[in-house]
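Notes for the one structure printed next.
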Amino acid sequence: MNRSLLRLTGAATAVYGLAVTRRPALLARPSGLTGPDGEVPAAVAACVRPLAFRDAACGLAMLLAPDDRSLRTATLIRIASDFGDAALLATALPRRRHRAMAVVVSVGWGALSVAGLLRPDDPADPS
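Here the sequence shown is numbered in full-length UniProt numbering, starting from 1 and rising by one per residue.
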């Protein structure tokens, strides 16, 4: 397991999740979930924020995991979330291009976490 890659992935996930909780448009716009005026409807924001909190929590768990077992568990939760998002968003988003982009992004982040689990640690890494 490559701890550095997993912790960096966790940090990026946490920052993104916190940013989306503050500004749901960061996720809603690329997903095609804005209204005719280009704004994010309140109902969409209410659905996006819990996903963002989940990402922030998973990311923080990866970043702050005190041992390898905890880091592995947090990472597996992150992977399940990413692949679950891909499966759901592949059919749920309104337009084909948004569905395709959501799948690519979700699978990409999940694959990065899988790589972190499978890749050996850097011997120069003190963690």
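In this text, a Cβ means the ideal position worked out from N, Cα and C, and glycines have one as well. Bear in mind that the values here come from a model prediction, so they are computed numbers and not experimental data.
In whole angstroms, what separates the C-alpha of residue i from that of residue j?
i	j	result
Pro-24	Ala-102	15 Å
Val-20	Arg-54	11 Å
Is residue j closer than 8 Å to residue i when the C-beta atoms are compared?
i	j	result
Leu-60	Arg-7	no
Gly-17	Ala-52	yes
Asp-85	Ser-106	yes
Gly-32	Pro-94	yes
Ala-56	Ala-100	no
Using a 10 Å radius around the Cβ and a threshold of 16 neighbouring Cβ atoms, would you call residue i buried or exposed?
i	result
Arg-22	exposed
Leu-88	exposed
With a cut-off of 8 Å, does the C-beta of residue i fall near any C-beta of chain B?
i	result
Arg-22	Among the chains of the structure shown, chain B does not appear; only one protein chain is present.
Exercise. Does the region 57-75 come close enough to the region 24-39 that 3 or more CB-CB pairs lie under 8 Å?
Worked result: no
Problem set entry | Secondary structure, beta strand (DSSP E): runs of 3+ residues fully inside the region 37-85 | none
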